[in-house]
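A.B. asks:
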Amino acid sequence: GFPPQLSTVRLGEVKPITPGHASSQLCDPQTQYPRDGQCCSMCPPGTRMQSSSSCLDAVCDPCGTNEYQDKYTTDSKCKRQPYCDPNTNFESPVEQSMTVKTICMCKDGFHCSGKECITCTKHSTCQPGYEVVSEGSQTSDTICRPCPSGTFFSPTSRKCEKWTE
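Following full-length UniProt numbering, the numbering of the sequence shown begins with 1 at its first residue and continues without gaps.
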């Protein structure tokens, strides 16, 4: 085969970078964005950018109640925090951060009904003749197993115990 053709670049097409300006490759992708050959400042986490911001003078407003922004941003709006509804057995978050998304946690005695944790389900209680293998947690239900033959369920120890003569 033939060597691949290299495309030629005419020098007239390349815009020279004037001193004091930066190409987009030199901007910090975490905290800056390129505009008109300059590196412009983004707003820090927990804030949103005002429309009156200029490239080198970012005007940033703090996020409002129940809002957050977890990264440096050029967005004019913060993201909404999820609502952890106490009526669907979620704990009310003690304190919400403007920089971190709130994770809704189920109240004691309840677990997430699915991976997304849209609702909380009450832990199962073991039927008579069954013992608890593992107590329910935030993410899993109580696991029960039947008492083996020759044993009975003791309500005091909440375990299966051998019959004594």
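Ideal Cβ positions, reconstructed from N, Cα and C, are used throughout, including at glycine.
1. Using only the alpha-carbon positions, how far apart do C104 and G136 sit?
2. Give me the Cβ distance between P45 and T99, rounded to the nearest whole Å; I'm assuming they're in contact under 8 Å.
3. Determine the direct distance from the alpha carbon of R35 to that of S24, and round the result to whole angstroms.
4. Whose C-beta lies closer than 7 Å to the C-beta of G129 among residues of the same chain, with five residues either side of it excluded?
5. Excluding sequence positions up to five away, which residues of its chain have a Cβ less than 7 Å from the Cβ of P62?
6. Using 8 Å as the threshold, is the stretch 111–125 in touch with the stretch 86–97, meaning 3 or more CB pairs across them?
7. When the Cα atoms are used, what is the spatial distance from C106 to S54?
8. If G64 and C84 are in contact, beta carbons under 8 Å, what's the gap, nearest whole angstrom?
9. Tell me the rounded alpha-carbon separation between Y33 and M42.
10. What would DSSP say about A22, mapped onto helix, strand or coil?
11. Candidates C112, T164, D108, S76: which alpha carbon is nearest M49's?
C.D. replies: To lay it out plainly:
1. In the sequence shown, residue 104 corresponds to position 104, counting from 1. In the sequence shown, residue 136 corresponds to position 136, counting from 1. When rounded, the distance between both Cα atoms is 17 Å.
2. For the purposes of this step, residue 45 is identified with residue 45 of the sequence shown, where counting begins at 1. For the purposes of this step, residue 99 is identified with residue 99 of the sequence shown, where counting begins at 1. Confirmed, about 4 Å.
3. Here residue 24 refers to the residue found at position 24 of the sequence shown. Here residue 35 refers to the residue found at position 35 of the sequence shown. For S24, the predicted structure reports a pLDDT of 44, less than 50, and the residue's modelled location is therefore unreliable. A value from the coordinates is still provided. Cα-Cα distance, rounded: 8 Å.
4. Taking the sequence shown and counting its residues from 1, the one referred to as residue 129 is at position 129. Once the five neighbours on either side are set aside, the close Cβ partners of G129 are P146, C147, F153.
5. As a first step, residue 62 is located in the sequence shown; it is residue number 62 there, counting from the start. Taken in chain order, the residues that qualify are G46, T47, M98.
6. yes
7. Counting from one through the sequence shown, the residue named residue 106 turns up at place 106. Counting from one through the sequence shown, the residue named residue 54 turns up at place 54. Distance between the alpha carbons of C106 and S54 is about 44 Å.
8. In the sequence shown, the residue the question calls residue 64 occupies position 64. In the sequence shown, the residue the question calls residue 84 occupies position 84. That pair is no contact at about 17 Å.
9. For the purposes of this step, residue 33 is identified with residue 33 of the sequence shown, where counting begins at 1. For the purposes of this step, residue 42 is identified with residue 42 of the sequence shown, where counting begins at 1. For Y33 and M42, the distance between alpha carbons rounds to 7 Å.
10. The residue you call residue 22 lines up with position 22 of the sequence shown. Per-residue confidence for A22 stands at a pLDDT of 46, beneath the threshold of 50, marking its modelled position as unreliable; no derived number is given.
11. By one-based count along the sequence shown, residue 49 stands at place 49. Nearest of C112, T164, D108, S76 to M49, Cα basis: S76.
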